[in-house]
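Asks: My questions all concern the structure below.
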Amino acid sequence: MPDFAPRPDDWPRPPACIPHGMLDRAPNGARVAVAGLVLVRQRPGTAHGVIFITLEDETGTCNVIVWKALYETFRRAVIAGRCLRVTGRLQREGGVTHVIAEVIEDISWMLDDLLRTEDTSAADPAPVAAGR
Numbered sequence: 127m128p129d130f131a132p133r134p135d136d137w138p139r140p141p142a143c144i145p146h147g148m149l150d151r152a153p154n155g156a157r158v159a160v161a162g163l164v165l166v167r168q169r170p171g172t173a174h175g176v177i178f179i180t181l182e183d184e185t186g187t188c189n190v191i192v193w194k195a196l197y198e199t200f201r202r203a204v205i206a207g208r209c210l211r212v213t214g215r216l217q218r219e220g221g222v223t224h225v226i227a228e229v230i231e232d233i234s235w236m237l238d239d240l241l242r243t244e245d246t247s248a249a250d251p252a253p254v255a256a257g258r
């Protein structure tokens with residue numbers, strides 16, 4: 127479990143994940159877990175195999191650094207994931223906060239769950255206005 131995590135009943139998200147807007151509260155070097163939609167994946171030729179991922183949740187964005195060796199382990203999630211859960215160490219340098227990835231999970235299935243509804247109102251036709 128991450129060193130810094132909010133109360134589990136605060137928000138509906140993967141267990142132990144903190145909102146990106148709270149990353150400034152965690153101490154430098156803390157083990158954290160974040161989750162969000164993948165906005166950007168970058169693999170600059172000058173970065174020697176390092177991949178940079180930007181995740182977004184309802185509170186903001188989070189920069190994730192994926193070292194080359196870790197990428198080989200979690201390649202499928204990094205390439206295909208639309209929504210990721212990343213556990214790693216928080217790093218602050220020069221006013222920029224990053225999560226150095228240790229574990230990357232593809233939680234894109236959660237997006238599909240958002241589209242499913244338990245609402246049965248679609249089964250009941252809307253009332254027809256009088257005179258029509």
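If you read the sequence shown in this note's numbering, its first letter stands for residue 127, the second for the next number, and so on. Cβ coordinates follow ideal geometry from the N, Cα and C atoms, glycine included. Note that the structure is predicted; figures quoted are calculated from it, not measured.
1) Taking DSSP as the reference, what is the three-state secondary structure of Glu184?
2) Can you check DSSP and say which residues form a bridge with Val158?
3) Pull up the CB-CB distance for Val192 and Ile177, whole angstroms please, since I reckon it's below 8 Å.
4) Is the beta carbon of Ile226 closer than 7 Å to that of Leu210?
5) Please identify the residue among His174, Asp150, Val158, Pro153 whose C-alpha is closest to the C-alpha of Ala142.
Replies: Inspection of the coordinates gives the following:
1) coil
2) Gly214
3) 4 Å
4) no
5) Val158
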